[in-house]
Amino acid sequence: MPALEDKTRELIELEERHGAHNYHPLDLVVERAEGVWLYDVNGKRYLDCVSAYSAVNQGHCHPRILEALTAQARRVTLVSRALRSARLPRFLEKLTALCGYDMALPMNTGVEAVETAIKLSRRWGYDVKGIPQDRAEIVVFNKNFHGRTTSAISASSNAEYRRSFGPFTPGFVLVPFGDIDALRRAITPHTAAVLIEPIQGEGGVNVPPAGFLSEVRALCTQQSVLFVADEIQTGFGRTGTMFACDFERVKPDILVVGKALGGGFYPVSAALADAPIMGLFQPGDHGSTFGGNPLACAVAEASLDVVVDEDLPGNAHRMGDVLMRAVREANSPLVADVRGRGLLVGIETTISARAISDRLLERGIAAKDTHANVLRLAPPLVIDRETIDVLAATLREVLAELA
Ligand SMILES: *Cc1c(COP(=O)(O)O)cnc(C)c1O
């Protein structure tokens, strides 16, 4: 056993020596994974409650997505958008049908799809709404997370994300999440869009007050402002509905998706809108060498099929209810709040969340803190009832130990 543990230490030291220190990962070195389970270099098994920030909603190495990936990899993987590929049309048809929009623009990482939505919103603001050039504003919310590019951090309220990275992209206006009056005051004739996560994931699993999304939708329609939803983390079943906006039957003007669209195999993201908005992009306006490549399309099609055919939103809804009820019923003095929807669960703790996640790791559960005092539990959506019960029981034991 000590020799095996040496292997963990050796790999961590090697990574620390040659990799930039821009993350603070758990001391778990994963060698393989399947479904909801991770296996470290010593062969020890862990329940994955991170799901790569919801990128593996379908579970690790899902055989159906693996098959699509390998079959496509033998045919053709990349042609760039200078040519047309036989895979792209059917992927676009499937994605737009599932999401309920006329058109999609495929990118790779989430933040690129956010960037796409920002550019599209500004274009609409100038060409349709008639905002004077270079004056467009986009309203965003405190504690948002839209990625790590210069523009995305320009929209952030988080000092850690921004420190020594200025000058920032202008045109973002911050308001408190959940405050409809503040939003109303922030909207001006120069406002092109409101960019919102329907539930803030990285910000600490913050659920807005009931009715907030509907009120934002109504306000945007009334003020002629685009409603842009960043569902990169909440999309594709995570919160117990296909999209978190569905919970209030709200339809965004621009929908931004990523993460689980690639099933954990491959980065695939997209911005979606109806033709009067997406049609504002003309050849040369925007693009990406790898965006919408054949391999991405094959993986994403299979990833969407799994979400639908295995009813992952329904399972997330049922299992999330069981998990949240169990944590609440534990009545732990260490738990200040339990919030979330579906299998996006945030536990606000009175002690450091890292202390709890370290203890959970010893017991074979990989869960990560988001900010100092919120533990996020977000297992793959294929998790079954038995495993949810084990997770809940282990968490209660750890809370009892630390109390
Ligand atoms: C993860 C995330 C992003 C950024 O996605 P990347 O693939 O890391 O660029 C943007 N918005 C939200 C809400 C996210 O959770």
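Just so you know, we're using the working numbering here: the sequence shown kicks off at 803 and counts up by one.
Where a beta carbon is used, it is the ideal one built from N, C-alpha and C, also for glycine.
- Remark: C-beta atoms of Gly1065 and Gln935 do not approach each other more closely than 7 Å.
- For Met1044, no pairing in a beta bridge is given by DSSP.
- Within the DSSP bridge table, the entry for Glu1150 names Asp1139, Val1176 as partners.
- Taking 6 Å as the cut-off, the C-beta of Val913 counts as close to a heavy atom of ligand 1.
- As DSSP reads the structure, Ile1056 sits in a beta bridge with Val1030, Ala1075.
- At least 7 Å separates the beta-carbon of Ala938 from that of Gly949.
- Taken in chain order, the complete beta strand (DSSP E) segments of 3 or more residues contained in the segment 986 to 1028 are 993 to 998.
- Taking C-beta atoms under 8 Å as the contact rule, Ala906 and Leu1074 qualify, at a distance of about 5 Å.
- Around Gly1060, the same chain offers Gly912, Ala915, Ile1034, Ser1071 as residues with beta carbons nearer than 6 Å, after the five sequence neighbours per side are excluded.
- Closest in C-alpha terms to Gly1005, from the list Gly1142, Leu1125, Val1124, Val930, comes Gly1142.
- C-alpha of Ile1149 to C-alpha of Arg1187: approximately 20 Å in a straight line.
- The Cβ neighbour count for Glu917, taken over all protein chains shown within 10 Å, is at least 16; the residue is labelled buried.
- Of the candidates Val942, Ala954, Gly1003, Val1007, the residue whose Cα lies closest to the Cα of Thr993 is Val942.
- In the structure shown, Leu1162 adopts helical secondary structure according to DSSP, grouped into three states.
- In terms of Cα proximity to Ala899, the closest of Leu1021, Gly968, Asp1076, Leu976 is Asp1076.
- Per the coordinates, the alpha-carbon of Leu1125 lies some 41 Å from the alpha-carbon of Gly968.
- If the five residues before and after Ala1174 are omitted, its C-beta is found closer than 8 Å to the C-beta atoms of Ser1154, Ala1155, Arg1156, all from its own chain and listed in chain order.
- Contact annotation: Phe1067 and Val1101 have beta-carbon atoms nearer than 7 Å.
- Per DSSP, Val1124 is one residue of the alpha helix (DSSP H) stretching across 1114 to 1131.
- Distances taken from the Cβ of Gly1142 to the heavy atoms of ligand 1 include none shorter than 6 Å.
- Counting of Cβ neighbours within 10 angstroms places Thr990 among the exposed residues, the total staying below 16.
- Apart from the 5 residues on each side of it in sequence, Val878 sits with its Cβ closer than 6 Å to the Cβ of Pro1096 in its chain, given in chain order.
- Sixteen is the threshold: when 16 or more other Cβ atoms of the shown chains lie within 10 Å of the Cβ of Pro1115, as they do, the residue is buried.
- Burial check for Glu895: the Cβ neighbour count within 10 Å stays below 16, so the residue is exposed.
- Considering only Ala854, Pro1078, Ile920, Val1018, the residue with the shortest C-alpha distance to Ala1169 is Ala854.
- For the pair Gly1042 and Ala984, the CB atoms are not nearer than the 7 Å cut-off.
- According to the DSSP assignment, Pro908 belongs to the beta strand (DSSP E) that extends over 905 to 909.
- Contact annotation: the segment 1190 to 1199 touches the segment 1128 to 1135, with at least three C-beta pairs closer than 8 Å.
- For the pair Leu1021 and Val1052, the CB atoms are not nearer than the 7 Å cut-off.
- Lys931 carries a helical assignment under DSSP once its states are collapsed to helix, strand and coil.
- Assigned with DSSP and collapsed to three states, Phe1083 falls in coil, not helix or strand.
- Bounds of the beta strand (DSSP E) holding Ala835 are 832 to 836.
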